[in-house]
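A short write-up of the structure that comes next.
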Amino acid sequence: MRTLARSLRMTADMSQKTVQLVMGRLLTDEDLRLRFVERPRETLVDLRDQGYELTADEIDALVRSDPGAWPSMARRIHPRLQRCSLRHA
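Residue numbers (our numbering): 665 to 753.
Structure below.
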């Protein structure tokens with residue numbers, strides 16, 4: 665029983681870390697953020713296919729987030745911490 669509880673807790677911790685990593689990328693990677701705002705589910709599934717361990721529930725929760733919030737929050741992060749898009753150049 666303890667092993668199951670520990671395993672579940674480790675899974676939850678890993679899942680939370682993955683969500684935090686994805687949110688960080690969405691805030692600091694302009695190309696990824698633009699793709700996410702245009703095609704949120706597809707973008708997150710692509711990230712999952714690249715190795716980010718996102719569950720269907722986590723993808724759904726991120727997809728349901730306010731799309732305008734991501735660019736708004738990203739503008740508040742210092743530019744040196746951002747990866748800007750080269751598409752606009």
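All C-beta atoms, glycine included, are put in the ideal place defined by N, C-alpha and C.
Contact check, Leu691 vs Ala738, beta carbons under 7 Å: Locating residue 691 in the sequence shown gives position 27, where the first residue counts as 1. Locating residue 738 in the sequence shown gives position 74, where the first residue counts as 1. Yes, they are a contact pair.
Distance CB(Thr707)-CB(Arg697) smaller than 7 Å: Here residue 707 refers to the residue found at position 43 when the sequence shown is read from its first residue. Here residue 697 refers to the residue found at position 33 when the sequence shown is read from its first residue. Not a contact, by the Cβ cut-off of 7 Å.
Minimum C-alpha distance to His742 - residue among Asp693, Gln680 and Thr682: As a working note, residue 742 is residue 78 in the sequence shown. Considering only alpha carbons, the answer is Asp693.
Within 7 Å, strictly: CB atoms of Val683 and Glu717: Taking the first residue of the sequence shown as 1, we reach residue 683 at position 19. Taking the first residue of the sequence shown as 1, we reach residue 717 at position 53. No, these two residues do not count as a Cβ contact at 7 Å.
Distance between Asp724 and Gly715 (C-alpha atoms, nearest Å): Translated into positions along the sequence shown, residue 715 becomes position 51. Translated into positions along the sequence shown, residue 724 becomes position 60. Per the coordinates, the alpha-carbon of Gly715 lies some 18 Å from the alpha-carbon of Asp724.
Three-state secondary structure assigned by DSSP to Asp730: Along the sequence shown, read from residue 1 onward, the residue named residue 730 stands at position 66. Residue state, collapsed to three classes: coil.
Arg712 to Thr719 span [Cα, whole Å]: Position 48 of the sequence shown, counting from 1, holds the residue named residue 712. Position 55 of the sequence shown, counting from 1, holds the residue named residue 719. Straight through space, the alpha carbons of Thr719 and Arg712 are spaced by roughly 8 Å.
Whole-Å CB distance - Arg705 paired with Val727, under 8 Å assumed: Here residue 705 corresponds to residue number 41 of the sequence shown, with the count starting at 1. Here residue 727 corresponds to residue number 63 of the sequence shown, with the count starting at 1. Confirmed, about 5 Å.
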